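In what follows, a single structure is set out as structure tokens and then discussed.
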Amino acid sequence: MFSRRTIRRPRFNMNLQSLLIVGFLTAACFTGLVATAVGMHLINKNTIGEVHRTIEHNINAARLIYEHDLDRLLFQLRLAALRLQMCNGGQILLPENPCEVQQIIGESDTDHAPPDMLFIVDREGRVTRGISNPELTAGDVTADPLVQRCLETGLHQSATILMPVEQVLSENPLLVDRVDIPVIETPQSAPLQKERLTEALVARAVVPLKDLDGTVVGAVVGGILLNNDFQIVDRIVRAIYGNEQYRGLEVGFATIFQGGVRISTNVTTEEGTRAVGTTVSEEVYRTVIEKGEAWIGRAFVVNDWYISAYLPIRSPGGDVIGMLYTGVLEATYTDMKRSSMLIFLAVTFLGVVGAFFVSWRFGRTIIERVRILKDATDAIASGNLDYKVRHRALSGLDMLDDAFNNMTKSLKDRDERLKKVFQQLTKSERLAALGQIAAGVAHEINNPLGGIILYSNLVLEDLPEENEIQRKNVEKIIYQANRCKQIVQNLLDFSRSPSGEMMPLEINRVILTSLGLVKDQSMFLGINVETNLADDLPEVMGDQSRLEQVFLNIFVNSVDAMQGKGTLTIKTKLLQRYHHGDRSVDDMETEKVCLLTSTNTVKITITDTGPGIDESYLPHIFEPFFSTKEPGKGTGLGLSITYSIIKKHDGFIDVESRPGEGTAITIYLPARDVIFPGALQPQDIENGDIDCAGIVERNN
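Numbering (my numbering), first residue to last: 6 to 705.
See below:
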């Protein structure tokens with residue numbers, strides 16, 4: 006019996022530990038294999054998706070650059086047409102010498118090279134001036150649909166067109182080298198059955214010439230030969246890819262095709278030359294050229310694989326005459342995908358090895374810990390949130406017990422309130438710092454100013470009456486010194502705490518007293534004052550003189566903004582915070598009331614019908630010396646002092662304004678504690694029984 010026990014317990018323990026090891030390894034291997042498979046799938050999927058999104062973005066950017074060059078050509082011709090008209094007093098009178106016409110057109114746009122092809126036609130479509138080829142005269146170009154449409158409608162036209170090589174050379178014989186492009190077949194390319202291109206791709210623009218009464222008398226016709234013109238593709242590559250390289254190769258490429266033949270590209274051959282004349286793959290040719298559809302995918306370009314995008318280029322009649330291409334070297338993405346997969350496999354292998362050693366070393370401890378945590382989980386699942394995991398003298402895993410115990414009592418939330426007051430706290434700290442600086446500067450300046458004023462008055466008394474010029478100069482010194490002294494006093498008011506006695510005040514009486522001090526002044530003539538003051542508002546603790554200064558400041562600023570005509574509206578009401586689940590008002594007002602610690606809040610809103618304040622000024626209106634008034638009409642300290650006074654009354658001030666819609670200034674002041682049915686009591690705040698969404702208005 007004894008020997009049987011001694012045999013069974015080690016066997017049971019060994020088997021359990023072996024099962025743990027096998028289980029760990031099985032789970033790690035299975036999880037690793039599944040994670041590797043899923044990871045590889047996701048990497049492949051995300052890589053392909055990202056590549057397609059990138060190449061789609063790139064082709065759209067290339068299209069915009071291409072269209073921009075066409076628009077620039079049109080803009081050049083429009084400037085030329087205007088200059089031809091302005092040079093002749095509003096009449097289209099062309100100089101006899103084509104060089105003079107070329108000079109006029111060249112001066113129209115000095116930032117860019119003139120078009121490759123440029124000439125002027127009359128209202129019948131006959132060439133009257135050949136600019137790029139002076140010998141081009143008396144020709145008939147009415148067959149050009151763009152020219153014909155421009156002369157018929159009187160509107161400028163622009164498009165990409167195919168032109169016979171002979172016509173290109175007739176418009177500019179110097180382009181002979183650029184239009185001569187032999188067709189070079191490449192692996193997997195479309196069979197085009199041609200040895201040389203007999204046409205050229207041209208960006209064409211036509212601008213009408215009109216006399217003073219708006220009658221079309223001719224047109225300026227220009228064009229850019231895209232064959233062997235690498236400016237556009239180089240600009241596309243610089244804008245999208247920069248100078249990025251991978252393994253010594255350019256990462257990105259751009260190409261303009263005429264039909265299925267490259268006529269402008271930065272794709273290079275094995276010899277390092279631009280692959281002009283090489284053909285597109287057959288799959289792309291059938292999709293884009295024959296079907297007229299965009300194509301995005303993996304394509305073989307000259308001598309390597311690229312992730313490519315092709316857009317059709319259409320003639321004015323809607324026929325596909327070419328393609329615009331951007332592509333990224335596929336190796337950049339395949340290598341990245343391969344590296345990611347290798348890292349994934351390496352991490353999985355290390356996880357399996359780690360699982361083996363962990364299961365071997367901590368097998369028994371983990372089994373015991375799992376049992377304890379299972380009992381604790383069952384207790385919590387049954388509703389016993391007071392359950393505590395007792396510390397066990399087992400291999401130093403007490404931190405797991407502490408973490409589990411803390412999990413059952415970690416539902417306290419303080420971050421939300423911190424976020425709400427962060428912005429206000431930042432503003433308060435900044436203004437407090439400015440107040441300290443202002444106080445220091447004011448104290449340092451005050452004494453010298455007193456001396457200046459005193460001795461200036463003494464000098465004025467000693468000056469004889471007949472010395473008017475010097476007396477006026479001294480009076481100016483006294484005036485400006487007194488003005489500086491007033492600014493210094495404002496700075497001190499901004500920085501100092503309320504000096505009067507803090508006493509219970511009826512805020513409606515303070516508002517009416519302040520209004521009575523200014524409403525009979527001349528600036529209030531033409532101003533309609535409306536008051537909507539709530540009855541039975543609780544008292545607020547405050548310095549009456551300071552609060553009167555706040556309201557006077559706001560009244561004067563509002564009336565001054567309305568410039569003698571408008572309505573000044575003053576409202577008061579009570580806001581209260583309620584228990585969880587009670588009624589609420591809008592989130593913005595909730596957030597502002599939650600900045601105050603009192604249960605009850607008095608809200609004062611002063612609204613004017615002035616021009617409003619620009620949105621960019623609103624973050625700065627409480628900063629010292631910031632003012633939207635004209636120089637000399639204010640120091641910029643009024644609202645700063647107002648903000649400081651309200652802040653030192655434990656209140657909050659807010660401004661809402663839009664240009665043309667007036668301005669509303671709202672002041673929130675904590676009220677003395679009053680008791681309303683359902684309202685929070687001070688002890689509720691201390692106990693944390695506050696729901697900032699539970700705010701209710703009282704308009705008694």
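We put the beta carbon where it would ideally sit given N, CA and C, even for glycine.
The structure presented is a predicted model; accordingly, all values stated were derived computationally and were not measured.
query, result
"Under a three-way DSSP split, which group does Q162 fall into?", "strand"
"Using the DSSP secondary-structure output, state which residues sit across from Q250 in a beta bridge.", "E255"
"Just reading off the beta strand (DSSP E) that M122 is part of, what are its end residues?", "122-127"
"Compare the Cα-Cα distances from V43 to each of G159, F349, I611 and report the closest residue.", "F349"
"Between the alpha carbons of A259 and G615, how many angstroms are there, rounded?", "56 Å"
"Should T331 and A304 be called a contact, given that it needs their Cβ atoms to be closer than 8 Å?", "no"
"Out of Y648, V56, N232, which has the shortest C-alpha to C-alpha gap to G327?", "N232"
"If you draw a straight line from the C-alpha of P213 to the C-alpha of E72, how long is it?", "21 Å"
"Taking the alpha helix (DSSP H) that D540 falls in, what are its first and last residues?", "It is not in any alpha helix (DSSP H) - D540 carries neither H nor E in the DSSP assignment."
"Could you tell me the alpha carbon to alpha carbon distance between V293 and G264, rounded to whole angstroms?", "9 Å"
"Find out if the Cβ-Cβ distance for the pair V222, K215 is shorter than 8 Å.", "yes"
"Indicate whether the contact test is met: 3 or more Cβ pairs, each with one atom in the segment 181-188 and one in the segment 199-214, closer than 8 Å.", "yes"
"Leaving aside the five residues before and after P321 along the sequence, list all residues of the same chain whose C-beta is less than 6 Å from its C-beta, in chain order.", "P150, A164"
"For I650, which residues in the same chain have their Cβ closer than 6 Å to its Cβ, ignoring the five residues on either side in sequence?", "R551, V555"
"Excluding the five sequence neighbours on either side, which residues of its own chain have a C-beta within less than 7 Å of the C-beta of L468, listed in chain order?", "Q475, R476, V479"
"Ignore the nearest five residues each way along the sequence and tell me which others in N487's own chain have a CB closer than 8 Å to its CB.", "I458"
"Determine the DSSP secondary structure at E276, reduced to helix, strand or coil.", "coil"
"Since I believe I658 is in contact with I646 (beta carbons under 8 Å), could you give me their beta-carbon distance rounded to a whole number of angstroms?", "With a Cβ gap of about 11 Å, I646 and I658 do not count as contacting."
"Determine the burial state of A676: buried for a count of at least 16 other Cβ atoms within 10 Å of its Cβ, exposed for fewer.", "buried"
"G257 and Y246 look like a contact to me (Cβ under 8 Å); what is the Cβ gap, rounded to whole Å?", "3 Å"
"Rounded to whole angstroms, what is the Cα-Cα separation between T604 and G656?", "13 Å"
"Please state whether DSSP places G615 in a helix, a strand or coil.", "coil"
"Buried or exposed for L674, going by 16 or more other Cβ atoms inside 10 Å?", "buried"
"Hey, quick one: how far does the alpha helix (DSSP H) through F556 stretch, first residue to last?", "549-567"
"Kindly indicate the opening and closing residues of the beta strand (DSSP E) around L329.", "325-334"
"DSSP state of E176, grouped into three classes?", "helix"
"Could you compute how far the alpha carbon of D309 sits from the alpha carbon of L230?", "28 Å"
"Using 10 angstroms around the beta-carbon of G95, count the other beta-carbons present and answer buried if the total reaches 16, otherwise exposed.", "Caution is warranted here: a pLDDT of 48 is assigned to G95, below 50, making its placement in the model unreliable, and the coordinate value is therefore given only provisionally. That one is exposed."
"For T52, which of helix, strand or coil comes out of DSSP?", "helix"
"Note down the Cα distance separating V607 from P509, rounded to an integer number of angstroms.", "13 Å"
"Based on Cα-Cα distance, which residue from M507, E140, L69 lies nearest to Q549?", "M507"
"Please confirm if the segment 156-175 is in contact with the segment 234-243, defined as three or more CB-CB distances below 8 Å between the two stretches.", "no"
"Kindly indicate which residue of R77, E176, R514 has the alpha-carbon position closest to the one of H161.", "R77"
"Buried or exposed: which applies to W300, given that a residue is buried once 16 or more other Cβ atoms fall within 10 Å of its Cβ?", "buried"
"Could you compute how far the alpha carbon of L47 sits from the alpha carbon of G359?", "25 Å"
"In the DSSP assignment, what are the bridge partners of Q263?", "V266, G327"
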